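Right, one structure below, let's go through it.
2 protein chains.
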Amino acid sequence: VSKAEDLRQQFAGKPRELLPTPALLVDERRLMGNLQKMAAFFAAGPTRLRPHAKSHKCSTLARLQVEAGAIGITCATVQEAEAMVAGGVRDILIANQVVNDYWLQRLLTLAGKCDLKVAADAEKNLRQLSRAASAAGVELGILVEVNVGMGRCGIDAGPPACALATVAAQLPGLRWRGFMGYEGHVVGIHDRQERFAQCRQAMTLLTQTVDLAREQGLVAEIVSAGGTGTYEAAGRFPGVTEVQAGSYALMDLAYRRVLTDFECALTVLATVISRPTPDRAIGDAGLKSMSTEFGLPEVAGNPGVALRDLSEEHSIFSVAGAHVTLAPGDKVELLPSHGCTTVALHPYLYLMRDGRVHDVWAVDGRGGG
Amino acid sequence: VSKAEDLRQQFAGKPRELLPTPALLVDERRLMGNLQKMAAFFAAGPTRLRPHAKSHKCSTLARLQVEAGAIGITCATVQEAEAMVAGGVRDILIANQVVNDYWLQRLLTLAGKCDLKVAADAEKNLRQLSRAASAAGVELGILVEVNVGMGRCGIDAGPPACALATVAAQLPGLRWRGFMGYEGHVVGIHDRQERFAQCRQAMTLLTQTVDLAREQGLVAEIVSAGGTGTYEAAGRFPGVTEVQAGSYALMDLAYRRVLTDFECALTVLATVISRPTPDRAIGDAGLKSMSTEFGLPEVAGNPGVALRDLSEEHSIFSVAGAHVTLAPGDKVELLPSHGCTTVALHPYLYLMRDGRVHDVWAVDGRGGG
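Note that the protein sequences, when read in sequence, are chains A and B. All residue numbers for the first sequence refer to our numbering, where the first residue is 514 and numbers rise by one. All residue numbers for the second sequence refer to our numbering, where the first residue is 514 and numbers rise by one.
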């Protein structure tokens, strides 16, 4: 019996007041609405959805995405991939370079358990993957990562990327499957027209590389790109076969300022532990349960209460005055500014239906990264 | 066999190159030096050291602190306290209000297993603690938390705090033990003279309250205060019986800018996964393995390499040029800007001796907060 099962037995049907705080809550109606809306967009094809699990690190949620039509799951880490495969996902892309030898050995054990692809952007890494896969007697699918303008990982588009694909296609133990490119510099642009225009520029770099490779006899089966901010632009761009959007499922304040297609389903529940003055209250959720690199979270549903600051284990609330009732024991929900890094701080999430706990899901892809 | 034991068997004696990254490293020599230096300061007495476990959330490290002379351990959460007690610590102060009913029930189970104290700053909370302790047939030690100027939790110094102590002393199931006050607004002031002057102001508020309570027949056995930035000023202030410093053990960049008494023992190990250009390299440690609320971490020991930015699972390094050797597979260590919130991102820490893994410790107090 897993710990999540224990919590499920303890809290199913119970109101949020009984939960241990800080707790990560997911509104089931909003989550399911987000999943359905994204699934409907991709139902028309030909582009498919491969949701990114880095946003939720939860194999139960990933299975719902696959049941809703997703082709498979994108992962940032081998640990996430292991959780997804253990949870029943059968088609995995690790959209990062796996270079660390420990993680490479763990990666190899997944090769027989799912349709596994991993990103690569350098010949040295390809040779490392080839040696390891050959020694283990398995085959690793390879997507060559192209720098589509973000300037993080990725080899240059065009001839350099095609040359690397040629190497991947020839090395033993590897099976070249296509290209990927993440336009991370674009997904957060607030102006929709500008965001989509820059996304198309990035997708042009990616698909021109695909076309060049085809001319050289290398036909890409997979062309993977896109995020929540660009799912439409990338998802309708000719030649892109799959979109890696992840944040759409749970959403957060930062993405809500970019697009309103999806609802914020994620909150952090705090218990008020002190009301020292009429204009101040203190909650038990702090920097260790909410991230702040995209700004402070915001209070949801308590008029007259605003988050002023966070310390490690405390939320410091400004309260409009003595007329605002907020006493020790009361609950406050906070909307994370960045969902992905907030989820990673929690071992479990509580699925809420009609104000009560409907289920408890393990954040089973959580590790140290 | 715990997972830490598995990792110990796998990695003991091995160099950092073999570790799964991102990994949390602790330099044993520096850690032990920090523990010894702080222990030596408090060896003279009469004030004692009660190190704060929120900084390391590790019962193995806490035991070393107790073995070095600490009177017991301070915790921020019940979960930390459970880990410390399970690890053999027998004297615990939870320096926060426990108001959440779930955690209060868990707190009660610790009451028979250690000398347990918890902070309180409101009569409503005292009555809640009293009812719960009485129902469970246990006794909870109480420290009344005084607001010594930080403006977070804590009741006003003087008569209000003394009145609350009177309530605590009279309620069944509770045993009033004394006062605490955390001068969190002071510990980070860079100028030592100013920091100590403001600390003494805060300690004056606290000890005047102690004196007033004594006049009313309430003799405080425990007067707890102080942090790493103020351990000397609080530790030599007449009437303070114990100091709660925690960050001194592992240290971080933020505290290193405040005081140089202790060495930075904590780093996050990253593997270079890409070197796309001569002036850029990418590591596999990002926002999910290092906190940034106190600024970006810094590269330790790689001349010509600087951390430019972090994304969720990536470190983006500026490299001085092609002459700087930094290839996929190479390792980089990063000094956290804030150790407490960085440790909370990791399930284990690797104790390094002479460049090799000497031990693996579970961050067993880690939860969702």
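Cβ atoms here follow ideal geometry from the backbone N, Cα and C, with glycine treated the same way. The structure presented is a predicted model; accordingly, all values stated were derived computationally and were not measured.
Excluding the 5 residues preceding and the 5 following A/Thr780 in the sequence, name in chain order all residues of the same chain whose CB lies nearer than 7 Å to its CB.
Here the set comprises Leu538, Ala813, Glu846, Leu847, Leu848.
Counting only Cβ pairs nearer than 8 Å, list the residues of chain B close to A/Pro815.
Pro is not the amino acid found at residue 815 of chain A; the sequence shown has Asn there. What A/Asn815 touches in chain B: nothing, since even the nearest Cβ is about 16 Å away.
When the Cα atoms are used, what is the spatial distance from B/Leu532 to B/Asn660?
Cα to Cα, the separation comes out at about 45 Å.
Taking A/Gly730 as the reference, which of A/Ala599, A/Ala678, A/Ser804 has the closest Cα?
Ranking A/Ala599, A/Ala678, A/Ser804 by Cα distance to A/Gly730 puts A/Ala678 first.
Under 8 Å by Cβ, that's how I've got A/Gly654 and A/Leu763 pegged, so tell me the actual separation to the nearest angstrom.
About 28 Å; that fails the 8 Å criterion.
By a C-beta neighbour count over all protein chains shown, 10 Å radius and 16 as the cutoff for buried, is A/Val732 buried or exposed?
Exposed, by the Cβ-count rule.
Taking contact to mean at least 3 C-beta pairs separated by less than 8 Å, is the stretch 589 to 608 of chain B in contact with the stretch 562 to 576 of chain B?
Output reads yes: the stretch 562 to 576 of chain B touches the stretch 589 to 608 of chain B.
Tell me, please, which residues DSSP counts as bridged to B/Trp874.
Beta-bridge pairing links B/Trp874 to B/Leu862.
Pull out every residue of the stretch 826 to 847 of chain B whose Cβ sits closer than 8 Å to any Cβ of chain A, in chain order.
Cβ contacts with chain A: Glu826, His827, Ile829, Ala840, Pro841, Gly842.
Just list the residues that DSSP pairs B/Ala633 with in beta bridges.
B/Ala633 is bridged to B/Val657.
Determine, using beta carbons only, whether B/Ser850 comes closer than 7 Å to chain A.
By this cut-off, B/Ser850 is not an interface position.
Which residue's Cα is closest to the Cα of A/Ala645: A/Val611, A/Lys550, A/Cys666?
It is A/Val611 whose Cα lies nearest to the Cα of A/Ala645.
Between the C-alpha atoms of B/Gly752 and B/Asn638, what's the straight-line distance to the nearest angstrom?
Computed Cα separation, rounded: 26 Å.
Just checking: is the beta-carbon of B/Cys588 within a distance shorter than 7 Å of some beta-carbon in chain A?
Taking Cβ atoms only, chain A never reaches closer than 7 Å to B/Cys588, which makes this a no.
Report the neighbours of A/Pro533 on chain B: residues whose CB is nearer than 7 Å to its CB, in chain order.
Chain B residues near A/Pro533: Asn613, Tyr615, Trp616.
Mapping DSSP to helix, strand and coil, what is A/Glu595?
A/Glu595 falls in the helix class under three-state DSSP.
For A/Thr784, which residues in chain B fall below 8 Å Cβ to Cβ?
Result: Val612, Asn613.
Is any beta-carbon of chain B found at less than 7 Å from that of A/Thr805?
Yes, A/Thr805 lies at the interface with chain B (some Cβ there is under 7 Å from its Cβ).
Indicate the three-state DSSP secondary structure (helix, strand or coil) for B/Asp797 in the structure shown.
DSSP places B/Asp797 in coil when its eight states are reduced to three.
In the stretch 559 to 607 of chain A, which residue ranges form an unbroken beta strand (DSSP E) of at least 3 residues, counting only runs that do not cross its ends?
Runs found: 586 to 588.
What are the boundary residues of the beta strand (DSSP E) that A/Leu848 is part of?
It spans 844 to 848 - the beta strand (DSSP E) in which A/Leu848 sits, taken as one unbroken run.
If contacts are defined as beta-carbon pairs under 8 Å, then A/Glu776 and A/Arg529 qualify, I think. What distance do you get, rounded to the angstrom?
About 18 Å; that fails the 8 Å criterion.
Could you confirm whether any beta carbon from chain B is found closer than 7 Å to the beta carbon of A/Ser515?
By this cut-off, A/Ser515 is not an interface position.
Are the beta-carbon atoms of A/Ile605 and A/Glu755 separated by less than 7 Å?
Against a cut-off of 7 Å, the Cβ pair of A/Glu755 and A/Ile605 comes out as no contact.
Taking Cβ positions only, does A/Leu677 come closer than 7 Å to chain B?
No - not a single Cβ of chain B is within 7 Å of the one on A/Leu677.
Do you know how far the Cα of A/Ile786 is from the Cα of A/Lys527?
Their backbone Cα atoms lie some 21 Å apart in a straight line.
Residues in the same chain with beta-carbon distance under 7 Å from A/Glu826, minus the five sequence neighbours each way, listed in chain order, please.
Same-chain partners within the cutoff: Asp797, Gly799, Lys801.
Is B/Thr790 buried or exposed, if buried means 16 or more other CB atoms sit within 10 Å of its CB?
The residue is exposed, with fewer than 16 neighbouring Cβ atoms inside 10 Å.
Tell me which residues share the same chain as A/Ile795 and place their Cβ nearer than 8 Å to its Cβ, disregarding the 5 neighbours each side in the sequence.
Correct list, in chain order: Val785, Ile786, Ser787, Arg788, Pro789, His827, Ser828, Ile829, Phe830.
Spatial neighbours of A/Arg603 within its chain, please: C-beta separation below 6 Å, excluding the five flanking residues on both sides.
Correct list, in chain order: Cys627.
Grab the span of the alpha helix (DSSP H) containing A/Met545 for me, first residue to last.
Run containing A/Met545: 541 to 556, per the alpha helix (DSSP H) assignment.
Just to confirm, are A/Met693 and A/Leu656 a CB contact at a threshold of 7 Å?
It is a contact, given that the beta carbons lie within the stated cut-off.
Along chain B, which residues have their Cβ under 9 Å away from the Cβ of A/Pro789?
Here the neighbours are Asp634, Ala635, Asn660, Gly664, Arg665, Cys666, Gly667, Ile668, Asp669.
A/Met693 bridges to which residues according to DSSP?
In the DSSP output, where bridge partners are listed per residue, A/Met693 has A/Glu658, A/Ser737.
Closer than 9 Å between beta carbons: that is the criterion. Which residues of the stretch 851 to 868 of chain B meet it against chain A?
The residues in question are His851, Cys853, Thr854, Ala857, Leu858, His859, Pro860, Tyr861.
Chain B partners of A/Lys527, CB-CB under 8 Å?
Per Cβ cutoff of 8 Å: no residues; A/Lys527 is ~10 Å from chain B at best.
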